[in-house]
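K.L.:
For the sequence shown, the positions run 318 to 706 when my numbering is used.
Got a structure for you, questions after.
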Amino acid sequence: MPPPRKRGKGLRHRLAELRGPETQAKALDARALAALAANPGCRRRAILDGAGVDKAALAGALGSPSVFGQSQFAFVRGNAFEAKVKADGGTELLRLAHEKLDRGAEPPAGARVPDLTAQGPEGRTARTELALREAAGEPDAWTLLDHPMLALDVAGSPAFLEPDAVVVHPDGSWTVVEIKSFPMLDGAADPAKVGAAARQAAVYVLALERVAERLDPPPRVRHRVLLVCPKDFSNLPTASAVDVRKQRAVTARQLARLTRIEEIADTLPEGVCFSPELPAEQLEQAVESVPATYAPECLSACELAFHCRDRSRAAGAVTSLGRPVRAELGGLTTVGDVLAAARGEAGDPDDPAVAALRRAAALRAEALASAAEGTREAAEGTREVAPCR
């Protein structure tokens with residue numbers, strides 16, 4: 318087995334080596350963080366996202382191209398709708414924020430829209446924090462931050478996040494705004510899409526809370542975010558207040574459990590690189606040097622899901638059947654182990670999982686035997702009744 322990577326190099330230098338010296342790092346966004354938090358045990362995704370590896374290009378180079386992502390049509394439609402919502406200094410967006418979240422405040426007339434332009438993500442993050450600090454120091458006014466930049470520490474590595482908008486209320490509290498192009502029909506939207514938007518907004522809320530903690534006194538970050546969508550089948554904006562406290566708590570807990578990227582990097586063999594430009598065989602060896610935790614849910618959240626599913630199936634891992642099944646099987650980690658336990662060829666009879674499998678196998682055999690007997694009797698009865706001629 319190759320020796321582990323030597324310590325002594327800085328984390329950023331090691332991560333640059335992992336993605337390839339000439340490869341630009343792919344920044345983490347809130348959608349990726351929400352998916353990463355949903356599978357905190359996957360060391361493979363943690364190190365690839367931490368190193369900024371383009372997982373879509375990596376999946377293509379491995380021969381398992383990804384179909385994960387947003388269509389170009391949906392992307393263009395979403396941008397056009399967002400521009401409409403934010404037109405005229407965000408007048409309509411602030412009206413919706415006042416209507417859905419803060420009716421007791423003065424209407425948002427003449428709201429401030431600070432310029433957040435700066436060099437690089439670090440500069441934009443600093444400029445956003447300065448704008449929030451200035452807004453907190455000038456109460457009794459509305460402020461709209463258009464595409465602010467926030468930073469969140471993820472497993473020892475900073476992730477720069479860009480929400481659609483943040484609204485500062487006259488009482489000094491902050492609200493995250495999510496603008497989506499899927500419609501609200503009769504005041505309600507697709508629950509699955511609303512749930513995904515809520516998980517994404519929860520990441521922004523966490524990052525915004527980190528900024529608030531550095532101010533004295535810390536402003537209140539509202540846990541009800543503003544979800545703005547097209548109304549019915551028109552292009553007119555409407556909005557709904559979505560409580561993301563549950564999603565925020567889950568995301569915070571899952572991110573805290575993530576294995577530190579530095580620890581994963583230190584366990585990798587010297588010279589490992591995940592550049593899609595490498596030969597397929599060398600690239601596959603590099604990817605397989607980091608363990609993955611595949612589950613069917615990965616198909617809707619990770620570009621490498623098809624590759625990991627193929628390897629999981631080839632190894633007979635029960636995780637390919639889903640997390641609930643895996644949880645029920647205890648120490649039985651492969652399909653072969655499960656079948657052997659069910660047949661009575663292996664496994665501890667006192668193990669509840671083994672006992673349940675054997676009971677299920679006995680019931681199945683009994684049901685099949687009963688069905689076969691019924692089929693045989695029906696066939697014999699048919700032969701005894703001769704047709705009239």
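Backbone N, C-alpha and C define an ideal beta-carbon position, used for all residues, glycine too.
Predicted model, so just to flag it, every value in this text is computed and none were measured.
(1) So, at 6 Å on beta carbons, what are the nonlocal neighbours of A678 in its own chain, with the 5 sequence-adjacent residues on each side left out?
(2) Would you mind sorting F392 into buried or exposed? The rule is 16 or more other CB atoms within 10 Å of its CB.
(3) Return the chain-ordered ranges of every beta strand (DSSP E) run that is complete within the region 449-515 and spans a minimum of 3 residues.
(4) Taking the alpha-carbon of L345 as reference, which of R362, R331, G358 has the nearest alpha-carbon?
(5) Please work out which residues of its chain come closer than 6 Å, Cβ to Cβ, to Q517, disregarding the five sequence neighbours upstream and downstream, and give them in chain order.
(6) So for K403, helix, strand or coil by DSSP?
(7) Does the structure place the region 513-527 close enough to the region 535-547 that three or more beta carbon pairs sit under 8 Å?
(8) Report the three-state DSSP secondary structure of S551 (helix, strand or coil).
(9) Kindly list the residues whose CB is nearer than 7 Å to the CB of C546, restricted to its own chain and excluding five residues on each side of it in sequence; keep chain order.
(10) Beta-carbon within less than 7 Å of L674's beta-carbon, same chain only, minus the 5 sequence neighbours each way: which residues are those?
(11) On a Cα-Cα basis, can you pick out the residue from K372, A400, P487, D419 that is closest to L449?
(12) For D463 versus A476, is the C-beta spacing smaller than 8 Å?
(13) What number of angstroms, rounded off, separates the C-alpha of A632 from the C-alpha of G664?
(14) Using DSSP with H/G/I as helix, E/B as strand and the rest coil, what is V384?
(15) When DSSP builds the beta bridges, which residues end up paired with S557?
(16) Where does the unbroken alpha helix (DSSP H) through C625 begin, and where does it stop?
(17) Who are A634's beta bridge partners in DSSP?
(18) Considering only their Cβ atoms, is the gap separating L621 from L375 smaller than 8 Å?
(19) Can you pull the DSSP bridge partners for V538?
(20) Give me the residue from L478, E495, C615 with the minimum Cα distance to A468.
(21) May I ask you to report which of helix, strand or coil DSSP gives P596?
P.N.:
In short:
(1) The residues are A659.
(2) Exposed: under 16 other Cβ atoms inside 10 Å.
(3) Counting whole runs of 3 or more residues, the region 449-515 contains the beta strand (DSSP E) stretches 460-463, 467-471, 474-478, 482-485, 491-496.
(4) For the residues R362, R331, G358, the minimum Cα distance to L345 belongs to R362.
(5) Taken in chain order, the residues that qualify are A347, R348, A351.
(6) The answer is coil: DSSP assigns K403 none of H, G, I, E or B.
(7) A contact is defined here as three or more CB-CB pairs under 8 Å, and the region 535-547 meets this definition with respect to the region 513-527.
(8) Looking at S551 - three-state DSSP - the assignment turns out to be coil, as it is neither helix nor strand.
(9) Residues of the same chain with a CB within less than 7 Å of the CB of C546, apart from the 5 flanking positions on each side, are K497, F499, P500, M501, A506, T555 in chain order.
(10) V655, A658, A659, listed in sequence order.
(11) Closest option to L449, Cα to Cα, is P487.
(12) In this structure, A476 does not lie closer than 8 Å to D463 by Cβ.
(13) Each residue's alpha carbon lies about 19 Å from the other.
(14) If DSSP states are grouped into helix, strand and coil, V384 belongs with coil.
(15) For S557, the pairing in a beta bridge is given by DSSP as L544.
(16) Looking at the DSSP string, the run of the alpha helix (DSSP H) that includes C625 is 622-631.
(17) As DSSP reads the structure, A634 sits in a beta bridge with T651.
(18) Yes. Within cutoff.
(19) Answer by DSSP bridge pairing, in chain order: W491.
(20) The residue with the shortest Cα to Cα distance from A468 is L478.
(21) Coil at P596, not helix or strand.
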